[in-house]
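According to my numbering, the residues represented by the sequence shown are 60 to 219, in order. Heads up, the beta-carbon is just placed ideally off N, CA and C, and yes, glycines get one too.
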Amino acid sequence: MDILKLNRIILILCLLSIGCYDKEKEKRKNEIICNQEKNIKFYYKNDFRIWFIGEEVEGIKQINIYHIREGQIINELKHTTLEDDKIKLLTMPSLKTRDSLRITINKTKDIYVYNFKNHARYGGKNFLGCYFFYYTVEGKEFADPDLIRIFLDDFFTNQS
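So this is what it looks like as structure tokens:
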């Protein structure tokens, strides 16, 4: 009797581990697909923001954002005024992984955001698709599906 119970427990554990392995295998496959995707997609199509963090925010009078592809400015992105240390892009960029954004602050400081990557997004355990997640700001890699974070104090301290 005890051996039968033990065999059933082992069988159940094996079946559970096989199911978990298949799900993890599928997640890895989706992540590889998303990393190879050249076009960056945004989950929140008309609500993409840039968040400026630090004491330097109070000194910001003007912000210009340029979409750069292959070394050429292809578009100046329209955005809202700075509110709660954030701006919302009114013109959504059609980013590719090798593109970059140049953010010019007060016509004196340029901050580059580049190395965009998609990430597999899930909802209710279902694969929803590949959407923006990873980016690099001046050599520091970040991950955020909703916005780009710019830590101004670090940047201004390092660049002064």
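Legend entry - Contact check, residue 155 vs residue 64, beta carbons under 9 Å: In the sequence shown, the residue the question calls residue 155 occupies position 96. In the sequence shown, the residue the question calls residue 64 occupies position 5. In this structure, residue 64 does not lie closer than 9 Å to residue 155 by Cβ.
Legend entry - Contact check, residue 113 vs residue 212, beta carbons under 9 Å: Residue mapping note: residue 113 aligns to position 54 of the sequence shown, counting from 1. Residue mapping note: residue 212 aligns to position 153 of the sequence shown, counting from 1. It is a contact, given that the beta carbons lie within the stated cut-off.
Inset, instruction - Would you tell me roughly how many angstroms separate the C-alpha atoms of residue 121 and residue 87, rounded to the nearest one? - result: As a working note, residue 121 is residue 62 in the sequence shown. As a working note, residue 87 is residue 28 in the sequence shown. Taking the straight line joining both Cα atoms gives about 42 Å.
Legend entry - C-beta atoms of residue 210 and residue 196 nearer than 9 Å: By 1-based counting over the sequence shown, the position of residue 210 is 151. By 1-based counting over the sequence shown, the position of residue 196 is 137. Residue 210 places its beta carbon less than 9 Å from that of residue 196.
Legend entry - Check whether residue 127 and residue 163 have beta carbons under 9 Å apart: Numbered from its first residue, the sequence shown carries residue 127 at position 68. Numbered from its first residue, the sequence shown carries residue 163 at position 104. No, these two residues do not count as a Cβ contact at 9 Å.
Legend entry - Range covered by the beta strand (DSSP E) that runs through residue 207: By one-based count along the sequence shown, residue 207 stands at place 148. If you look at residue 207, you'll find it in the beta strand (DSSP E) that goes 206-210.
Legend entry - Alpha-carbon to alpha-carbon, residue 68 and residue 148: Start at 1 with the first residue of the sequence shown, and residue 148 comes out as number 89. Start at 1 with the first residue of the sequence shown, and residue 68 comes out as number 9. Cα to Cα, residue 148 sits roughly 55 Å from residue 68.
Legend entry - Per DSSP, the bridge partner or partners of residue 189: The residue you call residue 189 lines up with position 130 of the sequence shown. Paired residues: 179.
Legend entry - Residue nearest to residue 157 in terms of C-alpha spacing, selected from 130, 146 and 151: Here residue 157 refers to the residue found at position 98 of the sequence shown. The shortest C-alpha separation from residue 157 is found at 130.
Inset, instruction - Locate the beta strand (DSSP E) running through residue 165, then write down its first and last residues. - result: Translated into the one-based positions of the sequence shown, residue 165 becomes position 106. Unbroken run through residue 165: none, as it is neither H nor E.
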